[in-house]
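This report concerns only the one structure given below.
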Amino acid sequence: MPGNLTELLLSFDLVPVLPEINALQSGMRQRSRDYIREAEKHGHSEDVCTYVKCDIGMRRKGNLGPTGEQLPDPDLLLLSYTGCFTFMKWFELLREEYGKPSLMLHVPYQADGRATVEMRDYVVQQLREEVIPALERLSGKAYDEERLKQLLARSAQAEEDLVWVLESAKRRPSPIDGYFGGVYYVGPMFSAFRGTEDAVAYYRELRSEVAQRLERGLGPVTPEGPMGEERFRLVFEGPPNWTSFRQFWRMFHAEGAVGVASTYTKVGGTYDEGFRHDPNRPLESLAEYCLGCYTNHNLRNRIDKIVRYIEDYDADGLVINSVKSCNSFSAGQLLILREVERRTGKPGGFIESDLVDPRYFSAANIKNRVESYLQMIDQRRGGALGRGRRLATV
Ligand code: SF4
Numbered sequence: 014m015p016g017n018l019t020e021l022l023l024s025f026d027l028v029p030v031l032p033e034i035n036a037l038q039s040g041m042r043q044r045s046r047d048y049i050r051e052a053e054k055h056g057h058s059e060d061v062c063t064y065v066k067c068d069i070g071m072r073r074k075g076n077l078g079p080t081g082e083q084l085p086d087p088d089l090l091l092l093s094y095t096g097c098f099t100f101m102k103w104f105e106l107l108r109e110e111y112g113k114p115s116l117m118l119h120v121p122y123q124a125d126g127r128a129t130v131e132m133r134d135y136v137v138q139q140l141r142e143e144v145i146p147a148l149e150r151l152s153g154k155a156y157d158e159e160r161l162k163q164l165l166a167r168s169a170q171a172e173e174d175l176v177w178v179l180e181s182a183k184r185r186p187s188p189i190d191g192y193f194g195g196v197y198y199v200g201p202m203f204s205a206f207r208g209t210e211d212a213v214a215y216y217r218e219l220r221s222e223v224a225q226r227l228e229r230g231l232g233p234v235t236p237e238g239p240m241g242e243e244r245f246r247l248v249f250e251g252p253p254n255w256t257s258f259r260q261f262w263r264m265f266h267a268e269g270a271v272g273v274a275s276t277y278t279k280v281g282g283t284y285d286e287g288f289r290h291d292p293n294r295p296l297e298s299l300a301e302y303c304l305g306c307y308t309n310h311n312l313r314n315r316i317d318k319i320v321r322y323i324e325d326y327d328a329d330g331l332v333i334n335s336v337k338s339c340n341s342f343s344a345g346q347l348l349i350l351r352e353v354e355r356r357t358g359k360p361g362g363f364i365e366s367d368l369v370d371p372r373y374f375s376a377a378n379i380k381n382r383v384e385s386y387l388q389m390i391d392q393r394r395g396g397a398l399g400r401g402r403r404l405a406t407v
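In my numbering, the protein residues as written are 14 to 407.
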């Protein structure tokens, strides 16, 4: 989840298990429908965040992980998150479900659009006085700052390669899809692998593969093979839908539409703006990481960022996938759309779906919207679609 403390946990040899990632994976593996139904059976309303319901349902069904295997119960519920208060209710529920102690790192929201030194110090103080002592008690090990520094150095190395990969999309054609494909690029970084040798190796390998694609002038690889001609360059806001991920992506790549940049790939860190975990300032750097995640930014910052992406990545427009049950981030998205259109002169497209509730993915409606949106872009630039060419059936 955004603002996790992976390196700190690994420095105590503790294994982080991230409920948002479990829910997302359960959605991709078509298990979330049953879990959500199970949670609703126990009184969780239709409007509750579906990550929460998926997680609670998963627990009620025997604590089955995304692969269907049973997960061991957690020893500690460490709530370290940024920007969404639903997490607090979520962890209160988990405390009841598991009967295990919970601990909360409070990360102040960037309401004024910036993280201050006082905010950082407040987070560091909590790390020193509450989180680290709790992890020492749990693991039976003393805080080892040298070990934490080694982990943070590896994070910084991997972050450098990740940024290089994401920024490769500035080239034409883009060698990557920075939204749908970006999910795979940020996965290890945003979850439990930051700080590991495996993460360093993954990003080194990824960078060298993307470098080869750049050299050869190749576009992105999709689940159905290499994408054809790049015809539309889009910036995306909001997470993708997970239960129909492949179908959703196909609606774009089949038309030559590539995600050149996305805000979703920044929810677990705004590395593209220069942040790196810093082994020389371990706790301060962890605090700055939490404060800087995209989810902790206000609407003005989010708009500025999207406008910058459209300019820097030479995009044709903005697509927002607004998530029905994610009240925290859906609120204000129409305002974002209008403001970005006004400032860039580029058209915006608005889609509504959900994260892991398949009942809210209406393929025909979404496909219609995507098609109309791409046609609109094409008409504005007087392209082939505008002169009557029909879009392929997705
Ligand atoms: S409401 Fe949105 S940000 Fe909050 S936990 Fe759910 S999906 Fe995550």
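All residues carry an ideal CB built from backbone N, CA and C; glycine is no exception. Since we're looking at a predicted model, the values are computed, not measured.
* Inter-stretch contact (C-beta, 8 Å, three-pair minimum) for the region 168-177 and the region 212-230 -> The region 168-177 and the region 212-230 touch, with no fewer than 3 CB-CB distances between them shorter than 8 Å.
* Asked: Do S338 and C62 come within 7 Å of each other at the CB atom, strictly closer than that value?
  -> For the 7 Å CB-CB criterion, C62 and S338 form a contact.
* Start-end ranges of the alpha helix (DSSP H) lying completely within the region 135-201, minimum 4 residues -> Runs of the alpha helix (DSSP H) inside the region 135-201: 145-152 and 158-180.
* Asked: Going by the beta-carbon positions, is the gap between D86 and Y111 smaller than 7 Å?
  -> yes
* CA-to-CA distance, L92 to M117, given in whole angstroms -> 5 Å
* Asked: From R226 to R185, what distance separates their C-alpha atoms?
  -> Rounded to whole angstroms, R226 and R185 show a C-alpha spacing of 11 Å.
* From the DSSP output, which residues share a beta bridge with P12? -> The question about residue 12 has no answer here: the residues shown for the chain are numbered 14 through 407.
* Within the same chain, show all residues whose beta-carbon is closer than 6 Å to that of R73, passing over the 5 residues directly before and after it, in chain order. => Closer than 6 Å at Cβ, skipping near neighbours: E51.
* Asked: What is the residue span of the beta strand (DSSP E) that L91 lies within?
  -> L90 to S93
* Per DSSP, which one or two residues make a beta bridge with H310? -> Per the DSSP secondary-structure output, H310 pairs in a beta bridge with Q123.
* **C-beta atoms of P252 and F261 nearer than 7 Å** => Not closer than 7 Å, so no.
* Per DSSP, the bridge partner or partners of G272 -> L247.
* **Helix, strand or coil at S375 [DSSP, three-state]** => coil
* What's the C-alpha gap between V273 and K154? -> 44 Å
* Closest by C-alpha distance to P371, when choosing among S39, R351 and P292 -> S39
* Asked: Is S204 closer than 7 Å to L331 when the C-beta atoms are compared?
  -> It is not a contact, given that the beta carbons lie outside the stated cut-off.
* Answer yes or no: the CB of C306 versus the heavy atoms of the ligand SF4, is any distance below 6 Å? => Incorrect: C306 has no Cβ contact closer than 6 Å to the ligand SF4.
* Asked: Between the Cα of I379 and the Cα atoms of E228, H57 and I333, which residue gives the shortest distance?
  -> I333
* When the Cα atoms are used, what is the spatial distance from H55 to D134? -> 41 Å
* DSSP beta-bridge partners of I364 -> N334
* Would you identify the three-state DSSP class for L27, choosing helix, strand or coil? => coil
* To do: Answer yes or no: do A128 and L304 have a C-beta to C-beta separation smaller than 7 Å?
  => yes
* Pull every residue with its beta-carbon under 5 Å away from any heavy atom of the ligand SF4, and keep them in chain order. => Those residues are C62, Y64, C97, T99, C339 and S341, given in chain order.
* To do: Figure out for me which residue from L164, V383 and V353 has the closest Cα to the Cα of S366.
  => V383
* To do: Tell me whether D26 is buried or exposed, calling it buried when 16 or more other Cβ atoms sit within 10 Å of its Cβ.
  => exposed
* Decide if G191 is buried, meaning its Cβ has at least 16 other Cβ atoms within 10 Å, or exposed. => buried
* To do: Starting from S115, trace the beta strand (DSSP E) both ways and give me its first and last residue.
  => Segment S115 to L118, the beta strand (DSSP E) holding S115.
* The alpha helix (DSSP H) with Y215 in it runs from where to where? -> E210 to R229
* Asked: In chain order, what residues of the same chain have a beta carbon less than 7 Å from the beta carbon of R108, not counting five sequence neighbours either side?
  -> L90 and S115
* **Distance between L140 and S298 (C-alpha atoms, nearest Å)** => 12 Å
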